[in-house]
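Presented below is the structure to which this report refers.
Numbering (my numbering), first residue to last: 21 to 252.
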């Protein structure tokens, strides 16, 4: 969800106005994703690097996030969407942490879609911490590692690999987001700012994803190999 601040700046508005506009888009995108049959949707709300922003902006963001969770929880219950916040919680203020726990508890039985919000999230921290916690006696180290990764992130259930990553705002980098889970993800970078993102663009992105061929390290069909290597 990149571009809220720039969206506000281009309209001579303060940055919080951009974040408020971004929340409205998030609400709409969650509904749209559920309608399109998305199984899991993860939104990057606040990275661990965002602590370097001015304190007033951070406080405003957390207040906005808490209010969003309060209203979104009711909508999630109505539409059977499970809500889960991933990331560190030891640095969040008590009111926000309590609301996160309440939202997760109330929507735990919902099954239509899994909505994950990344808050105080750093994939590098999660990967490192999960490795530190790994038990050397585990019979299946990969399964145990994923279990520890989920525990670090407070992700329930254990996260699946990402199929499609969409980044708005014109930047073409991952910014420490789901690095392990994005190993084979299709990447789509959009120039539009997050407050301008809508259901039509989501549908277009999903259509683009459906047209891509995912090989996971395997070779392409012989006809495609020939097309890619005309000199052979």
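By construction, the Cβ of each residue, glycine as well, lies at the ideal position given by its N, Cα and C atoms.
Just so you know, these numbers come straight off a predicted model, no measurement behind them.
{"Asked": "Extent of the continuous alpha helix (DSSP H) to which residue 43 belongs", "Found": "35-55"}
{"Asked": "Straight-line Cα distance separating residue 190 from residue 108", "Found": "27 Å"}
{"Asked": "Option nearest residue 54 by Cα separation, candidates 91, 84, 98, 73", "Found": "98"}
{"Asked": "Neighbour flag for residue 26 against chain D, beta carbons, 8 Å", "Found": "The question asks about chain D, but that chain is absent: this structure has only one protein chain."}
{"Asked": "Proximity below 8 Å, CB of residue 186 to CB of residue 223", "Found": "no"}
{"Asked": "Per-residue DSSP class, three states only, for residue 91", "Found": "helix"}
{"Asked": "Enclosing beta strand (DSSP E) for residue 181 [first to last residue]", "Found": "Careful: residue 181 lies outside any beta strand (DSSP E) and carries neither H nor E."}
{"Asked": "Beta-carbon spacing of residue 39, residue 103 below 8 Å", "Found": "no"}
{"Asked": "Under the three-state DSSP convention, the category residue 197 falls into", "Found": "coil"}
{"Asked": "As assigned by DSSP and simplified to three states, the class of residue 173", "Found": "helix"}
{"Asked": "Beta strand (DSSP E) segments (min. 3 residues) lying fully within the region 132-167", "Found": "133-141"}
{"Asked": "Exposure label - residue 93; buried when at least 16 CB within 10 Å", "Found": "buried"}
{"Asked": "Burial state of residue 21, where buried means 16 or more other Cβ atoms lie within 10 Å", "Found": "buried"}
{"Asked": "Beta-carbon gap between residue 136 and residue 188 smaller than 8 Å", "Found": "no"}
{"Asked": "Cα-Cα separation, residue 140 to residue 56", "Found": "28 Å"}
{"Asked": "Assigned secondary structure, residue 66 (DSSP; H/G/I helix, E/B strand, else coil)", "Found": "strand"}
{"Asked": "Chain-order list of residues whose beta-carbon lies under 7 Å from that of residue 207 (same chain, five-residue window excluded)", "Found": "185"}
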